[in-house]
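Engineer:
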Amino acid sequence: INCIGILTSGGDAPGMNAAIRAVTRTALYNGFEVKGIYHGYRGLLNGEIETFRTENVSNIIQLGGTILKTARSKEFQTPEGRRQAFENMQREHIDALVVIGGDGSLAGAREFAAEFNFPIVGLPGTIDNDLSGTDTTIGYDTALNTIMEAVDKIRDTAMSHERLFFIEVMGRNAGFLALNGAIATGAEAAIIPEIATEVDQLAELIQNGFRKSKSSSIVLVAESEVTGGAMGLAERVKQEYPEYEVRVTILGHIQRGGSPTAADRILATRMGEAAVDAIIEGQRNVMVGIQDDKLIYVPFSKAIRDDKPINRDLIQTIKMLSI
Ligand code: F6P
Numbered sequence: 004i005n006c007i008g009i010l011t012s013g014g015d016a017p018g019m020n021a022a023i024r025a026v027t028r029t030a031l032y033n034g035f036e037v038k039g040i041y042h043g044y045r046g047l048l049n050g051e052i053e054t055f056r057t058e059n060v061s062n063i064i065q066l067g068g069t070i071l072k073t074a075r076s077k078e079f080q081t082p083e084g085r086r087q088a089f090e091n092m093q094r095e096h097i098d099a100l101v102v103i104g105g106d107g108s109l110a111g112a113r114e115f116a117a118e119f120n121f122p123i124v125g126l127p128g129t130i131d132n133d134l135s136g137t138d139t140t141i142g143y144d145t146a147l148n149t150i151m152e153a154v155d156k157i158r159d160t161a162m163s164h165e166r167l168f169f170i171e172v173m174g175r176n177a178g179f180l181a182l183n184g185a186i187a188t189g190a191e192a193a194i195i196p197e198i199a200t201e202v203d204q205l206a207e208l209i210q211n212g213f214r215k216s217k218s219s220s221i222v223l224v225a226e227s228e229v230t231g232g233a234m235g236l237a238e239r240v241k242q243e244y245p246e247y248e249v250r251v252t253i254l255g256h257i258q259r260g261g262s263p264t265a266a267d268r269i270l271a272t273r274m275g276e277a278a279v280d281a282i283i284e285g286q287r288n289v290m291v292g293i294q295d296d297k298l299i300y301v302p303f304s305k306a307i308r309d310d311k312p313i314n315r316d317l318i319q320t321i322k323m324l325s326i
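Sequential numbering from 4 applies to the sequence shown in the UniProt record's numbering.
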């Protein structure tokens, strides 16, 4: 291996830049050539490729977003698209690839690696924390902190007006942000796709809270068809319990931005270094993961399995602590 290409793909996540920096500099340190690929797989297809030197990644560790830009490419999902991408890689003499992204991006990497015989190493870059085989993902901690700060602010106004707030957070089909966001903010409940919650159960919880002299309530809702989102849930509660003054806030893309936390910068840096180590060791088609603070290599097929366990006990913790 002489040249490592690097790209970010799918939804951006804070800490991606720290990862780009770590991969680039570890690779340069070890004598590899490095090529930055812009706009994810789309850029690989269109040949948006630039030789990276150490200066290309100066002053980026603290930045949210991704300097390489990102995209979700439909064309790369076709065999012709992937062939075109591979031909561009050959023309640029890229013989190994580091892909930073979420499950869709790593599923693409798995397919690409199966068709053409060269090493791809993935880094888990997503605020959703929904990749299996790793305790956490790059961007998750920052998003959780953003949620915490936003909910703290909403709590002030919720208390002043004695209102019930439904706050919707991201996570695609996973409830990690909602569940741990609720723990971090002392919310009354977390509604997540992994655990069914009836409107009646929720209302009872809220009613109990109000009865016990609580002047406001905060419920975190994970976006997803299963939960119905904050809007859907609020409508149902309002219809059945018109006595509540209900408000809804959808936090939206604010959760994807901002300067990465120390935890995300450290994680991204360690994982970035491990990605290059993996290539040196001859690993291929694996995602770098972290378990009990140890870096590990997880086969793509395991990482993208939709079965990451969520700590169900925390729902009970939230309930108990909201008395
Ligand atoms: O996967 C990251 C994520 O932010 C999800 O939480 C969310 O469902 C989705 O991306 C939003 O995607 P887009 O930026 O395309 O609206």
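Just so you know, even glycine gets a beta-carbon here, dropped at the ideal spot from N, CA and C. All of these numbers come straight from a predicted model, not from anything done at the bench.
DSSP three-state call for residue 54: helix, strand or coil?
Structural biologist: If you number the sequence shown from 1, residue 54 lands on position 51. Here residue 54 sits in strand by DSSP.
Engineer: Judging by CA-CA distance, which residue of 113, 286, 166, 140 is the nearest neighbour of residue 174?
Structural biologist: Locating residue 174 in the sequence shown gives position 171, where the first residue counts as 1. Nearest of 113, 286, 166, 140 to residue 174, Cα basis: 140.
Engineer: Assuming the contact rule is C-beta atoms closer than 8 Å, residue 97 and residue 156 should be a hit. Round their C-beta distance to whole Å, please.
Structural biologist: Numbered from its first residue, the sequence shown carries residue 97 at position 94. Numbered from its first residue, the sequence shown carries residue 156 at position 153. Residue 97 to residue 156, Cβ: 45 Å. No contact.
Engineer: Residue 20 and residue 64 look like a contact to me (Cβ under 8 Å); what is the Cβ gap, rounded to whole Å?
Structural biologist: Along the sequence shown, one-based indexing puts residue 20 at 17. Along the sequence shown, one-based indexing puts residue 64 at 61. Right, their Cβ atoms sit about 7 Å apart.
Engineer: Starting from residue 38, trace the beta strand (DSSP E) in both directions and tell me its first and last residue.
Structural biologist: Position 35 of the sequence shown, counted from the start, is the residue given in the question as residue 38. 36-40 is the extent of the beta strand (DSSP E) around residue 38.
Engineer: Quick one: Cα of residue 110 to Cα of residue 150, how far?
Structural biologist: Stepping through the sequence shown from its first residue, residue 110 is reached at position 107. Stepping through the sequence shown from its first residue, residue 150 is reached at position 147. Their backbone Cα atoms lie some 28 Å apart in a straight line.
Engineer: Apply the 10 Å Cβ neighbour rule to residue 295 and answer buried if 16 or more other Cβ atoms are within range, or exposed otherwise.
Structural biologist: Here the question's residue 295 lines up with position 292 in the sequence shown. Flag for residue 295 reads exposed.
Engineer: Would residue 123 and residue 116 qualify as a contact pair, given that the criterion is a beta-carbon distance under 7 Å?
Structural biologist: Along the sequence shown, one-based indexing puts residue 123 at 120. Along the sequence shown, one-based indexing puts residue 116 at 113. Yes, the Cβ-Cβ distance between residue 123 and residue 116 is below 7 Å.
Engineer: Give me the Cα-Cα distance between residue 239 and residue 257, rounded to the nearest whole angstrom.
Structural biologist: Residue numbering aside, residue 239 sits at position 236 when the sequence shown is read from its first letter. Residue numbering aside, residue 257 sits at position 254 when the sequence shown is read from its first letter. In a straight line, the C-alpha of residue 239 is about 26 Å away from that of residue 257.
Engineer: Name the residue from 9, 7, 17 whose alpha carbon lies nearest to the alpha carbon of residue 265.
Structural biologist: The sequence position of residue 265 within the sequence shown is 262, counting from 1. Out of 9, 7, 17, 17 has the C-alpha closest to the C-alpha of residue 265.
Engineer: Tell me the rounded alpha-carbon separation between residue 304 and residue 74.
Structural biologist: Position 301 of the sequence shown, counted from the start, is the residue given in the question as residue 304. Position 71 of the sequence shown, counted from the start, is the residue given in the question as residue 74. About 22 Å.
Engineer: Given this structure, state the Cα-to-Cα distance separating residue 321 from residue 286, to the nearest angstrom.
Structural biologist: Counting from one through the sequence shown, the residue named residue 321 turns up at place 318. Counting from one through the sequence shown, the residue named residue 286 turns up at place 283. Cα to Cα, the separation comes out at about 42 Å.
Engineer: For residue 300, does the three-state DSSP call read helix, strand or coil?
Structural biologist: Here the question's residue 300 lines up with position 297 in the sequence shown. The answer is strand: DSSP assigns residue 300 an E or B state.
Engineer: Note down, in chain order, each residue of its chain lying with its Cβ closer than 6 Å to the Cβ of residue 292, except the 5 sequence neighbours on either side.
Structural biologist: Here residue 292 refers to the residue found at position 289 when the sequence shown is read from its first residue. Once the five neighbours on either side are set aside, the close Cβ partners of residue 292 are 136, 137, 299, 301.
Engineer: If you follow the alpha helix (DSSP H) that residue 65 is in, where does it begin and where does it stop?
Structural biologist: Within the sequence shown, residue 65 is the residue found at index 62, counting from 1. Note, residue 65: premise wrong, no alpha helix (DSSP H); not H, not E.
Engineer: Are the CB atoms of residue 101 and residue 194 within a distance shorter than 7 Å?
Structural biologist: Mapped onto the sequence shown, residue 194 falls at position 191. Mapped onto the sequence shown, residue 101 falls at position 98. Contact: no.
Engineer: With DSSP as the reference, label residue 16 as helix, strand or coil.
Structural biologist: Mapped onto the sequence shown, residue 16 falls at position 13. Looking at residue 16 - three-state DSSP - the assignment turns out to be coil, as it is neither helix nor strand.
Engineer: Sorted by chain position, which residues of the same chain lie with C-beta nearer than 8 Å to residue 180's C-beta, five sequence neighbours on each side aside?
Structural biologist: Residue numbering aside, residue 180 sits at position 177 when the sequence shown is read from its first letter. 130, 131, 132, 143, 146, 147, 150, 172, 173, 174, 225, 258.
Engineer: Label residue 274 either buried or exposed according to how many other C-beta atoms from any shown protein chain fall within 10 Å of its C-beta, with 16 as the threshold for buried.
Structural biologist: For the purposes of this step, residue 274 is identified with residue 271 of the sequence shown, where counting begins at 1. So residue 274 ends up on the buried side.
Engineer: Would you identify the three-state DSSP class for residue 317, choosing helix, strand or coil?
Structural biologist: Working through the sequence shown from its first residue, we reach residue 317 at position 314. Three-state result, residue 317: helix.
Engineer: Less than 6 Å separating the Cβ of residue 173 from some heavy atom of ligand 1?
Structural biologist: What you label residue 173 is simply residue 170 of the sequence shown in a count that begins at 1. True, at least one ligand heavy atom lies under 6 Å from that Cβ.
Engineer: Excluding five sequence neighbours on each side, which residues of the same chain lie with their C-beta closer than 6 Å to the C-beta of residue 35?
Structural biologist: Start at 1 with the first residue of the sequence shown, and residue 35 comes out as number 32. Closer than 6 Å at Cβ, skipping near neighbours: 7.
Engineer: To which residues does DSSP link residue 220 through a beta bridge?
Structural biologist: By one-based count along the sequence shown, residue 220 stands at place 217. Bridge partners of residue 220: 167.
Engineer: Three or more C-beta pairs under 8 Å: does that hold for the segment 229-244 against the segment 157-165?
Structural biologist: no
Engineer: I believe residue 167 touches residue 247 by the beta-carbon criterion, under 8 Å. Please report the beta-carbon distance rounded to the nearest angstrom.
Structural biologist: The residue labelled residue 167 in the question sits at position 164 within the sequence shown. The residue labelled residue 247 in the question sits at position 244 within the sequence shown. With 8 Å as the limit, residue 167 and residue 247 qualify as a contact, their Cβ atoms being about 5 Å apart.
Engineer: Are residue 11 and residue 54 touching if we call contact CB-CB under 7 Å?
Structural biologist: Residue mapping note: residue 11 aligns to position 8 of the sequence shown, counting from 1. Residue mapping note: residue 54 aligns to position 51 of the sequence shown, counting from 1. No, they are not a contact pair.
Engineer: Could you please give the first and the last residue of the uninterrupted alpha helix (DSSP H) stretch that includes residue 99?
Structural biologist: Mapped onto the sequence shown, residue 99 falls at position 96. Note, residue 99: premise wrong, no alpha helix (DSSP H); beta strand (DSSP E) at 99-104.
Engineer: Quick check on this structure: which residue in 27, 13, 15 has the alpha carbon closest to the alpha carbon of residue 280?
Structural biologist: For the purposes of this step, residue 280 is identified with residue 277 of the sequence shown, where counting begins at 1. The option with the nearest alpha carbon to residue 280 is 27.
Engineer: To which residues of the same chain is residue 244 closer than 6 Å at the C-beta, ignoring the five residues directly before and after it?
Structural biologist: Position 241 of the sequence shown, counted from the start, is the residue given in the question as residue 244. Cβ within range, chain order: 206.
Engineer: For residue 230, which of helix, strand or coil comes out of DSSP?
Structural biologist: Walking along the sequence shown from the start, residue 230 turns up at place 227. It is coil, neither helix nor strand.
Engineer: Nearest-angstrom Cα distance between residue 212 and residue 58?
Structural biologist: The residue labelled residue 212 in the question sits at position 209 within the sequence shown. The residue labelled residue 58 in the question sits at position 55 within the sequence shown. Distance between the alpha carbons of residue 212 and residue 58: 55 Å.
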